Structure formats: C-alpha cells, structure tokens
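Per my numbering, the sequence shown runs over residues 10 to 175.
The beta-carbon is built from N, C-alpha and C at its ideal position, and this holds for glycine as well.
Owing to the predicted nature of the structure, the values given are computational and were not obtained by experimental measurement.
Since the structure comes first, as structure tokens, the remarks are kept for the end.
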Amino acid sequence: MMETTVIDPAEDALYDHIRLLLFSADLPVHRLEADIEDIGRFTAPDVRSPHLRLVEALPPLTPAAEAIVRAMIRAYGMELFGRGSANSALRAVIKAGPVKFGRTALMLGPDAPVPKRARLLVEEFNRIFERYPESGYTEARCLLSAIGLPVGRDVNSLVPRSLQRN
C-alpha cells in the first residue's frame, strides 16, 4: 500500500508564493538550472521574457529544490517574509536557487556561529541531499572524501578504492 503524504495547506500556500518569487525575480533564469528540469526551454528567443514564461508555466521544482523550500517553510514559516535572518535566507534562496543555497549552507562547519534552528535546518539539507543524489552533492562528497576531508556517513563506500586515503 502506498503511503500518502499530507501537506499542510498553509505550508503549500507559502511554497507556491516562494516558487512564484523564484520565477519572477529579475535575475538570470539559468541560476535555477539545478532547481527546474530543462531550464533551457524557458530561455529560447521569444518576445516574452524567460521570467514571464516561467510564471505562465509554473513548472515544478526538482524534488531536492522542493524539499529545501519546504524545510525552510517548516523551520521559519511566516518569518521568511519578515525582517530578520529568515528573510535574508529567503532572499538568498531567490538569488541563488534552492539547491545552490542548500549546497552553500552545507559548507558551514560545525564551529560556525549559527543559531540552533539554522543548524537543524542545515542538517535537514544534508538529509535532503542524501535522499536526492541526482542533485550532485553525492559526487562532491566523494571528491572531498577522496582528498581526505571528512564529509559524513558512509561516503567511503561510494569512493573508488583507488581514490581512498589510507
């Protein structure tokens, strides 16, 4: 039997609002190439802007991008639209795209001075990238492991033996 995920309508409304902000921001559309399948279909020469085409089509985000946006909504809710650090994070997501933002957040070391709630969100991003290896993060973890940097759980099983450090 398939399990059905129930999504809170308020979370869904915020998700749709953030998706609209992502698509309509006056920034290069290619910044979303990790977040939207085949982003090139929205940049073909035409009288309409790529942003208008994105807003008209409202394409789904990739699973990793959607999970990142929803994790932020669950962590911060309406604070994302306020004046604090949550809003700064939302603006960074809009500028970079959810997947690039998530990858950047993962670069925070364990000693980085971030609030506990942000640390928990970064841990959730890590789980998201583990769940969606097509986001490219698994490859990055393997390369980091190959040069001897600690990258988390079970990465050595993914790294070819010839690249592992002894």
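Check whether the Cβ atoms of residue i and residue j lie closer than 8 Å to each other.
i	j	result
Ile103	Ala34	yes
Leu99	Leu89	yes
Leu117	Ala84	no
Below 8 Å on the Cβ atoms is my contact criterion, and I expect residue i with residue j to pass it. Report the Cβ-Cβ distance as a whole number of Å.
i	j	result
Leu41	Leu31	7 Å
Thr113	Ala121	Contact doesn't hold; Cβ gap of about 12 Å is too wide.
Thr71	Ile48	Wrong, their Cβ atoms sit about 10 Å apart, outside the cutoff.
Pro68	Val38	Contact flag wrong, Cβ pair sits at about 11 Å.
Ile82	Glu133	With a Cβ gap of about 12 Å, Ile82 and Glu133 do not count as contacting.
Val64	Leu36	Contact doesn't hold; Cβ gap of about 14 Å is too wide.
In terms of residue numbering, what span does the alpha helix (DSSP H) encompassing residue i cover?
i	result
Gly111	Pro107 to Ala114
Leu31	Pro18 to Ser33
Val64	Pro59 to Ala66
Leu129	Lys125 to Arg140
Ala84	Pro72 to Tyr85
Here's a check: name, in chain order, each residue in its chain whose Cβ is nearer than 7 Å to the Cβ of residue i, leaving out the five neighbours to either side.
i	result
Ala73	Val108, Ile137, Phe138, Tyr141 and Ser144
Asp17	none
Ala101	Phe110
Val123	Leu117
Looking only at its chain, what residues have a beta carbon closer than 6 Å to the beta carbon of residue i, apart from the 5 residues adjacent to it on each side?
i	result
Lys27	The sequence given here places Ile at residue 27; Lys does not occur at that position. Cβ within range, chain order: Val78.
Asp25	none
Lys125	none
Ala76	Ile137
Ala95	Tyr85, Glu88 and Leu89
Arg62	Phe51
Residues in its own chain within less than 8 Å of residue i by CB, not counting five upstream and five downstream?
i	result
Val168	Interpretation of Val168 is limited by its pLDDT of 44, a score under 50 that renders its predicted location unreliable; the figure taken from the coordinates is listed afterwards. So the qualifying residues of the chain are Cys151, Ser154 and Ala155.
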